[in-house]
Each structure stands twice: as C-alpha cells, then as structure tokens.
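Have a look at the structure below before the remarks.
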Amino acid sequence: MVLRFGLLGPLVVHDGEALRPVTGLKARVLLAALLLAPNRVVAKDALMDAMWDGQLPSSAGASFANHATRLRRILAATGAERLRTVAPGYQLLVAEGELDTEVFEARAHAAGAAHRAGDWDTVRSESEAALALWRGTPLSDLPGFREQRAPSLRVHQLDQLRLQVREWAFDAGLGLGHHREILGELSVLAAENPLREELHRLLMVALHRTGRQAEAFEVFHTLRRELVDELGTEPGAAVRRTYQELLTGEGSPAPAAARESGPEVVTARVPYQIPSSVPEFTGREAEAAALVRLLQRAAGGPVREAGDAAAGAPEPLRPVVVSGMGGIGKTALAVQAARLVRGDFPDGTLYADLRGFSGGGPRSAHDLLARFLDDLGARPAALPDDTDDRAALFRSAVAGRRVLLVLDNARDAAQVAPLLPPHGPSAVLVTSRHLLAELPGVELLPLQPLRAEEQVALLARLCGSVRIEREPEALAGILAACGGLPLALRIVGGRLASRPSWPLALLAERLAPSPGRLRALAMGAVTVRDTFDMSYLAIRDSGNGSERGAARAFRLLGVWKPHTFGVGSAAALLGVSEGEAAAALELLVDANLVHSPEPGRYTLHDLLGEYAAARAAEEEPAAERERAVVRMLTWYARAVAAAGAAASHETQSPPPLDGPHTGPGLPEFTDDAQAIEWTGNELPVIREAIGRAGRIGRSDIAWRLATGLFGYATTHWWTGEWDACLRQAMEIAVAHDDVLGQAWLHRRIAVAHGMAMRNEQCLEHLRAALGFFADAGDVLAQASIVGNMSAVYAQSDHPEQALEHAERSYELYRQSAGARGEALALSRIADAHDVLGNHELAVAYHRKVVAMLRAQRHGVFLATSLTNMGASLRQLGERDGALAAQTEALAIRREMGDAGGTADCLAFMARTHLHFGDHRAARTAWEQCLELGLRHNMAQHIEASREGLAELP
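Following the working numbering, the numbering of the sequence shown begins with -16 at its first residue and continues without gaps.
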C-alpha cells in the first residue's frame, strides 16, 4: 500500500483512502524527524534529542522504545516494513512520490528549468503543481520541534524555495499575457516582502501593462527607499533596467528569462582556488572514491525514468561533510577529491578556510559572502549590510552554474548555512572537527585512523621503504605510537627523512607511551598537541555551558588509562548522572574528541587520551583526579559483583564494599549469558582497575574485582586471564595485610586450579581458605569449600574422600540455611557415587539436581549437571537418555558462547557414541572438539581429542 507523508503544513499520513492518525506529541516529533531525512539512518541519540529538545529525562530510553514501537506498528499496518532499526539508529523507508517535500522540490526544479528555457506553459503547470502541495506552514502543529536548529533550517529552505516558485509563476503569467489575473496576488506578496526585488520588478511590469504607469513608478521609488533605509544599497541591475525601460516608454519589458537577471555581472569569472595537494597523499582510496561519487552526483543530477515529472530536475543540494579528529587528514582528502572532480564543475571552484577552531576565532559568513561574490565576478557596486541579503545575492550568482564550494575547517552548521548555494548543479564540500549532522540534506563521511597498510605506505613514501623494512619491531612501535593519525605519521616521517642516520629504534623509544610522547610528535611549528588544542579549547572556552561541561568530562576521561567507557562507568568517573554523562559524551563525539564504536560505548584515541590526561594534570586538582578514580573503581567493583552473582548463581558472594551505593546505576542482567558477555567486554578495563586499585592502596577493591570474575570464569577459565587477575590481587592483598581479601582469594584461586585440573594446587588453596573461614566461624563458606574439596577428590579418583566431603558439605549447607548450595552439594554426592560405581544412585541425585537447577534458571550449572547425568546413564546402558541429556547440555553451552564448555560436552558425547558403537558420530564429535581446541588454544582439549580420534577404528 502506498502512503503519502505530508510536512508542508501540519504533519499528516495518508494511506490513499483516509488519514492515518499518529497520536501523541513525541510520536509525531519522531516521525517528523525521520521524514526530514527520508531513507537515511538517523542516530537514535539525535531522535531522542529532537523528541525531548535536548532535555532527556531518566526514563527517556524506555519511553523512546515505546514510541518507536508504536510508530512502527502504525506504519506497518500498510503491509510493508517502513521503520527499520539500523545501527546507530533508525531508517524510515519512503518511496519516490510519497513525501510532499520531495515532490515539491522536484516540481520546483522542473519549473526552474522551464523558466530558464522560457517555456512559460511548463513553468505555469509545474509551479501550480508545486504550490498546490502546500497546506500551510510546514510542521505548524509541532512548534517546539520546528524551532530546533535542523528543522528550522529545513523549513526556512522550503519557504525560500516556495517564494522562488511563486516568482517564476508570476513571471510565467506575464509571459503568457495574464498580467491582470496575477496583479492582486502579486501586490499582496510584494507588500509582505518589502525587500524582495524580483517581486517588485514583476509588480512594476504588471502595473505598467494594465495602464497604471504612475503606480508602477511608485513601486520602484518605494522599493528604493526601503533598500536604502534598511540595507544602505540601491536596487539591483534588473530592477533599474526595468525602471528605465518603463520610464523611456520603450515598450513593455520582456519576461525575465529573455534577459539576464540577478546581480549585476561585471565580468564572468571561473575561479579555481583549491590549494596544492599533499605530494605524499597516501591511502583513503575508498573515502576519496565515495567523495567523488557524491560530488559528481550533484554536478550531474539524478538519473530518472522517462516520463517522470521531475525528469531533468537537478539533484537537491546535499552538502558533503568530511569530519574527524584533528590531524586525521580531512583537508588533504577534501583537496584530493576536489582536484579529481575539477572537470565536473566548469563554472569554478571556490575554497575558503573557515578557521572554525583557530585562536583568532572563526571567519564570518558575512565577510566570506562578499569575497565569493567578488571571486565570481558578481559583486554589485554596493554590498548589502545584512548577511541574509548577501546570501541571496550569492545564491543568485551561482544559480544554474556548476560550481564546487569547498568550506574547510568549519566550526558549526550556523557558520556554513548562509554559504550554501541553492538547489542545482553546484556542490558543497565541508570539513569540520564536528559532525554537522544538523545541516539539511547532509551526507556524512566521518574519517577514522588510517588502516595498517596505509600507515606503512605513508611512512615509506616519507622516509623510504628500504629503511623501514630493516627494523620491523621499531616500525611496529612507531605505528602504535602514532595511532593511525596522518599528522603524527607525517611528523615522524619528516623527522626520519631529515635525520638519515637515525635508526627507527631511537625514535620508537622516544615515542613509547609516556607523558612526553606528545612533545616528541612535533616538527618545527607543526605539533600534534597544537592540533588537539584547537579542538579542546573551542569547547573549554565556549560560552555554552554544555560545551564547558563536556571539556571537563574530556579531561577526567584522561585519568582512566584504558580510555574505554560505557555511560554508567563514565558517569561514575565524572561524578554526574547517567543522563548528564551521556549528553557530555555525545557532544564530545560530535566534536570528534571521543569515538563511539557502537551504541553506548565510547573510546578515546590513544593520543587524545594522553592529551586529555595532560589537560587533567594541568587543570584539575590532584584531589579531584583521585576522587574520580575512586568513583570509577568503586563502580566497577559493584558492577563486577553484580555480574558475578548473575553468572555464577554462587552460594555465597563476597561481602560488598562498605557504604551505600550512591553513584550511577549498575548494569542489569536478565541471565547468566548476558552477565558473562558484559564481563568479557569489560575485561581489559577490569584488569587495569585491579592494578590501579593496588597502586592507590585500595586492596578491598582489588580483590573484589578479581573474585567477582568467578561467573565469567565458569565458561572462560581456559584463557588464563582469571588466574592472572587473581595472582595480581593476591599480591596486593598480602602487601596490605588484607586478611579477608586473602581468604576470598585463596578460595577463588583454588577454583581456578580445579577448573584446570590442577588438583594438588587446588587442595592447597582450599585448605588455606578453610582455615581462614573456620577461624571466622563462617559455616556457609566452609560448606562451599568442603564441597569443592569433594569435587577435587572425585576428579583425582579418590571416591571415598569425595563422598565423605560431599556429605559433610551438604550438612554444613543445611546448618547455614544455604538453600542455594544444596543443589551443588547434591551434585557433589552424585559425582562421588559415579566414581564409586553406584551409577543408579548417581542418576537419582543428578535428576534431583537438574530439577532444582531448571527452577533456578542456572544455565552453566545445569549444562554441567546434564553432561554428568548423561555420563552416568551411559554407564547404565541407557543410550537415548544419555544422548538426550548431553545434547541439551551442548545446546546450552553453544547458546552462551562457551567454547570451553562446548568442547567438554563434545568430548562426553564422543565417549557416549563410542560406548554404544557409533564410531562415525564419535569421530564427528571428537573432530569438532579438536577444532574448538585449536581455535582457542585449549591444550587439554586438543590432547584429549587427538587421543580419542586415535582410539577409533
């Protein structure tokens, strides 16, 4: 079913038969924001800002999801999926001819083309069709949204185009001899626009043709007084020429298309102002090709089907914005692309450095417009004082011409907007450290650091390929230090080229991560730090409170070395609410000081992280920097504890940190798989946090971070990462004489050894832990530890001791009212009976444990119990029951992404298949187990798989 969307008046949706109601202000704003960017992905954060006008409540995320679901349901009722979720936001699919603004612009362009050709019948029909689409003021029912920057720019653009279409329609009326019919409407419109010269020129002609010469002359004199009084300028050449023709009685002036109109052209000029390209420009082939395609599309116009009403209409103006952090190579890429498309813009290429981030302040559009008019040979004798009037002259000067405008180093959209040409074959290429996503119709091309092969190629061009190939290790160090930043690589390459006797190793040593690295990235007056300064100082010294707050956030992000954050952890570091943290982070993303690789995750480029740390050291008191670190460590300790509890369903968790939790909210987990995934993603930060806690004397935080990884380790013990964290935390606990920390670490280190089948070391740490908790009188801890000892005895083939300890553990759990531990104790008893050969009794215990675990929804433990129950059933000769249990266990492990657990299940299943004589199935299971072992470097599984395969006939 075809839908019709209307923005030219109140927002409407029509299904061809009736209006489809879209109720609720937020839902209507959401739809309007998507319709302003049809078929393009709009970031979720931008949509939320539009819906709440930048004032996001704490419930905004959930509320947004509800509105999006409701809107999707309304639009899907037509039988097609319209609203799609596409990272990092949403895309509304709109077919050609369904959106009134697009239809209006296509009709307007067709009218303009006919006007230039003097085809008055077509001008009239296309203008009437275009103007008939207007139902009132665009977005009139959404005044708050309409006043936001991007919508207001778009509405202004549409209003101006509508006024232009009306002028063309009046001109066509005169050309067709309908001067009496248009006079009334033309008089009203001219009165409403007292400075619009073309309307008054047309009115003069219409009055003259109806025999009202005196009134025609009065129109000219009134217009002249208004222009002189308001703008300090005389009427333009077209108006003066018409006045002279009427005054001398040379006959009625010809229609405007029959002669030149617009600003008085002194001498037509074809400027070419693109700076010299960088001789060593390397890489960026894909980005350059994308830029060339976008610019050529603007120059050539769209390809349309024959018979299309908009055939031949120029493409609507879509400014192309190349954005990225300072030193990323925006200008070099823009210059390269502009040179490649020179032939597509025969009427000239204008270039200006807008100095958006220079110390002297940005250049004004007011002054640049004067320069551009002069460059094009279209500067009138007296320039208007008003910027909007200069912009109108500029648009007239480039209308219908193929001109490329390159605006380098723009500060914001407000600086760029007055410089945009009208719709037509001209194109605009903008570079900025900000995204400028609010520009109407913008095409965004954000730049990332150079890829590894591009970095090597650039350095080779600068200082020679033979030289860098001689020292591969030093080269790797230099590339890591530069972080793919072209400016840094050029500085390094230039220094090496000017110092041919220097080995790469010397420079690599000077560039090693340290507080002085940024000082080493300098050559003459060119420094990486100065480049970063321009971005940072622009927001630190801004008159906007939000930007100053973002500058503080940027500084404090630098005190946390991994430079990777979620909204919650960043809020803790900054000491603000999650909403405030999210707003600051998004502003930093827009300023290209922070990168967002995926929704809700933020990182700092390594060099920007070092710069932020330096700024924090210079501008933040030491006490505030320390408080920020403690806030971050405390948040992670509590978050890891929450994840560990969700992932392990442990019978006893370590005691929480002292004091209530008053910081940002902690992550919430619906199941163990989600908790394990979160922990895996955060693991590099957690490792750093353990060391950081130790360096500031917070052993209580360090050991809680390490022990909290227990849940993650249930599926990832084989990586060895948990062992390393536990060893580091134990060193910290011993150094600070932290008895409680040592007790819990012995307990967890024992578990790590047990998972890896290091039985003697496991028992050693279990005995040490048991001594600590027995002295403390903690019965629940003793129950868990004794149960773990039972498991070790079982896997080391000491069944009597295993059963004795399992039963003792069960009694201790009952004494401590540890109901959650009973399933674990019963599982130990089942394992002991299996080792003793009491398989029927073992199966009975396993079934009881499985039932309890299904109720508790404990995926990891359930998979283990099902696997063991399958092994017991195999011993009893129950093939179907054994394979059913182990197949279910395998599905659980795979769903959780548990490589180690999956390999365990496959090994058990291989033995089951072999036991029942199915050699083919056994081989398949062993091969899958071996493949997993090789992929994840699990030596134990590799060895077992090869032995199992060797045993097969």
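C-beta: ideal position from N, C-alpha, C; glycine also.
(request) Measuring alpha carbon to alpha carbon, tell me which of Ala96, Gln923, Met34 and Glu743 ends up nearest Pro408. (result) One-based indexing of the sequence shown puts residue 408 at position 425. Residue Ala96 holds the alpha-carbon nearest to the alpha-carbon of Pro408 among Ala96, Gln923, Met34 and Glu743.
(request) Consult DSSP for Thr193 and reduce its assignment to one of helix, strand or coil. (result) As a working note, residue 193 is residue 210 in the sequence shown. Thr193 falls in the coil class under three-state DSSP.
(request) Rank Leu746, Ser799 and Gln778 by C-alpha distance to the C-alpha of Asp761 and give the top, closest one. (result) Taking the first residue of the sequence shown as 1, we reach residue 761 at position 778. Taking Asp761 as reference, the option from Leu746, Ser799 and Gln778 with the minimal CA-CA separation is Ser799.
(message) Out of Val613, Pro782 and Ala808, which one is the CA nearest neighbour of Arg797?
(response) For the purposes of this step, residue 797 is taken as residue 814 along the sequence shown, with counting starting at 1. Measuring from the Cα of Arg797, the nearest candidate turns out to be Ala808.
(message) Helix, strand or coil, according to DSSP, for Glu0 in the structure here?
(response) The count along the sequence shown starts at 1 and reaches residue 0 at position 17. In this structure, Glu0 counts as coil in the three-state DSSP scheme.
(message) Does Phe328 come out as helix, strand or coil in the three-state DSSP assignment?
(response) The residue labelled residue 328 in the question sits at position 345 within the sequence shown. In the structure shown, Phe328 falls within a coil segment according to DSSP collapsed to helix, strand and coil.
(message) With H, G and I counted as helix, E and B as strand and the rest as coil, what does DSSP make of Met738?
(response) Within the sequence shown, residue 738 is the residue found at index 755, counting from 1. Here DSSP, grouped into helix, strand and coil, assigns Met738 to helix.
(message) As an exercise, report each continuous alpha helix (DSSP H) stretch of at least 4 residues that is fully enclosed by the stretch 643 to 705, in chain order.
(response) Contiguous alpha helix (DSSP H) elements confined to the stretch 643 to 705 occur at 655 to 678, 682 to 690 and 693 to 699, taking only those with 4 or more residues.
(message) At the level of alpha carbons, what is the spacing between Gly167 and Ala15?
(response) The residue labelled residue 167 in the question sits at position 184 within the sequence shown. The residue labelled residue 15 in the question sits at position 32 within the sequence shown. Separation of Gly167 and Ala15 (C-alpha to C-alpha, rounded to the nearest whole angstrom) is 35 Å.
(request) Measure the C-alpha to C-alpha separation of Thr205 and Glu213 and round it to an integer number of angstroms. (result) Walking along the sequence shown from the start, residue 205 turns up at place 222. Walking along the sequence shown from the start, residue 213 turns up at place 230. Near 12 Å, if we compare the C-alpha coordinates of Glu213 and Thr205.
(message) Give me the residue from Leu819, Ser448, Phe899 and Arg207 with the minimum Cα distance to Arg184.
(response) Within the sequence shown, the letter at position 201 stands for residue 184. Checking every option, the nearest Cα to that of Arg184 belongs to Arg207.
(request) Reducing DSSP to helix, strand and coil, say where Thr6 ends up. (result) Walking along the sequence shown from the start, residue 6 turns up at place 23. In this structure, Thr6 counts as coil in the three-state DSSP scheme.
(request) Assign Tyr226 to buried or exposed, taking buried as 16 or more other Cβ atoms, counted over all protein chains shown, within 10 Å of its Cβ. (result) The sequence position of residue 226 within the sequence shown is 243, counting from 1. When all chains shown are included, Tyr226 counts as buried.
(request) For His938, write down the residues that DSSP places opposite it in a beta bridge. (result) The structure shown does not extend to residue 938, since the chain is modelled only from -16 through 936, so no value can be given for it.
(request) Grab me the residues of Gly677's own chain with a C-beta within less than 7 Å of its C-beta, minus the 5 sequence neighbours each way, in chain order. (result) Position 694 of the sequence shown holds residue 677. For Gly677, where only same-chain residues beyond five positions count, the Cβ hits under 7 Å are Ala685 and Ile715.
(request) Compute the Euclidean distance between the alpha carbons of Leu568 and Val577, then round it to the nearest angstrom. (result) On the sequence shown, residue 568 is found 585 positions in, with the first residue counted as 1. On the sequence shown, residue 577 is found 594 positions in, with the first residue counted as 1. Looking at the two C-alpha atoms, the distance is approximately 7 Å.
(request) Take Gly266 as the anchor and find which of Asp372, Arg444 and Leu277 has the nearest alpha-carbon. (result) In the sequence shown, counting from the first residue as 1, residue 266 sits at position 283. Closest in alpha carbon position to Gly266, among Asp372, Arg444 and Leu277, is Arg444.
(message) Run through the DSSP bridge pairs and tell me what Glu426 is partnered with.
(response) The count along the sequence shown starts at 1 and reaches residue 426 at position 443. DSSP lists Val303 as partners of Glu426.
(request) Grab the span of the alpha helix (DSSP H) containing Phe377 for me, first residue to last. (result) Taking the sequence shown and counting its residues from 1, the one referred to as residue 377 is at position 394. Counting along the chain, the unbroken alpha helix (DSSP H) around Phe377 starts and ends at Thr370 to Val381.
(request) Identify the continuous alpha helix (DSSP H) that holds Gly283 and give its terminal residues. (result) Mapped onto the sequence shown, residue 283 falls at position 300. The continuous alpha helix (DSSP H) containing Gly283 extends over residues Glu268 to Gly283.
(request) Along the beta strand (DSSP E) that carries Thr414, what are the first and last residues, could you check? (result) Reading the sequence shown from its first residue, position 431 is the one you call residue 414. Counting along the chain, the beta strand (DSSP E) containing Thr414 begins and ends at Ala410 to Ser415.
(request) Determine the extent of the beta strand (DSSP E) in which Gln74 is found, giving its start and end residues. (result) For the purposes of this step, residue 74 is identified with residue 91 of the sequence shown, where counting begins at 1. Start and end: Gly72 to Leu75.
(message) Extract the residue ranges of the alpha helix (DSSP H) inside the stretch 830 to 901, only unbroken runs of 4 or more that lie entirely within it.
(response) Taking 4 residues as the minimum length, the alpha helix (DSSP H) runs contained wholly in the stretch 830 to 901 are 842 to 858, 862 to 878 and 882 to 898, in order along the chain.
(request) Note down the Cα distance separating Ala503 from Arg493, rounded to an integer number of angstroms. (result) Along the sequence shown, one-based indexing puts residue 503 at 520. Along the sequence shown, one-based indexing puts residue 493 at 510. Looking at the backbone, the Cα of Ala503 and that of Arg493 are separated by about 7 Å.
(message) If you measure between the beta carbons of Thr467 and Leu300, is that distance less than 8 Å?
(response) Walking along the sequence shown from the start, residue 467 turns up at place 484. Walking along the sequence shown from the start, residue 300 turns up at place 317. What sits at residue 467 in the sequence shown is Gly, not Thr. No, they are not a contact pair.
(request) Have a look at Cys708 and Leu556 and give me their C-alpha separation to the nearest angstrom. (result) Position 725 of the sequence shown, counting from 1, holds the residue named residue 708. Position 573 of the sequence shown, counting from 1, holds the residue named residue 556. Cys708 and Leu556 have their C-alpha atoms roughly 22 Å apart.
(request) Enumerate in chain order the residues of its own chain whose CB-to-CB distance from Ala471 is below 8 Å, with the five nearest sequence positions on each side excluded. (result) One-based indexing of the sequence shown puts residue 471 at position 488. Once the five neighbours on either side are set aside, the close Cβ partners of Ala471 are Gly310, Ala464, Cys465, Leu504, Val511 and Leu590.
(message) Going by beta-carbon coordinates alone, are Pro254 and Gly344 separated by less than 8 Å?
(response) Here residue 254 refers to the residue found at position 271 of the sequence shown. Here residue 344 refers to the residue found at position 361 of the sequence shown. Taking 8 Å as the cut-off, the beta carbon of Pro254 is found no closer than this to the beta carbon of Gly344.
(message) On the DSSP letters alone, give me the boundaries of the alpha helix (DSSP H) that Thr514 sits inside.
(response) On the sequence shown, residue 514 is found 531 positions in, with the first residue counted as 1. It spans Val511 to Arg523 - the alpha helix (DSSP H) in which Thr514 sits, taken as one unbroken run.
(message) Could you tell me the alpha carbon to alpha carbon distance between Arg385 and Val303, rounded to whole angstroms?
(response) In the sequence shown, residue 385 corresponds to position 402, counting from 1. In the sequence shown, residue 303 corresponds to position 320, counting from 1. Spanning the two alpha carbons is a distance of roughly 16 Å.
(message) Which of the three DSSP states is assigned to Gly339 in this structure?
(response) Residue mapping note: residue 339 aligns to position 356 of the sequence shown, counting from 1. Coil.
(request) Please classify His644: is it buried, with 16 or more other beta-carbons within 10 angstroms of its beta-carbon, or exposed? (result) The count along the sequence shown starts at 1 and reaches residue 644 at position 661. Around the CB of His644, fewer than 16 other CB atoms lie within 10 Å, so the residue is classed as exposed.
(message) What would DSSP say about Thr205, mapped onto helix, strand or coil?
(response) Looking up residue 205 in the sequence shown gives position 222. The three-state secondary structure of Thr205, taken from DSSP, is helix.
(request) Go through its chain and collect everything with a Cβ distance to Phe47's Cβ below 6 Å, but skip five positions before and after it. (result) Locating residue 47 in the sequence shown gives position 64, counting from the first residue. Met31, listed in sequence order.
(request) Measure the alpha-carbon distance for Leu19 versus Arg394 and round it to whole angstroms. (result) Counted from its first residue, the sequence shown places residue 19 at position 36. Counted from its first residue, the sequence shown places residue 394 at position 411. Roughly 23 Å separates the two Cα atoms.
(message) Determine whether the beta carbon atoms of Leu351 and Leu387 lie at a separation below 8 Å.
(response) Position 368 of the sequence shown, counted from the first residue, corresponds to residue 351. Position 404 of the sequence shown, counted from the first residue, corresponds to residue 387. No; because the gap between Cβ atoms is not below 8 Å, this pair is not in contact.
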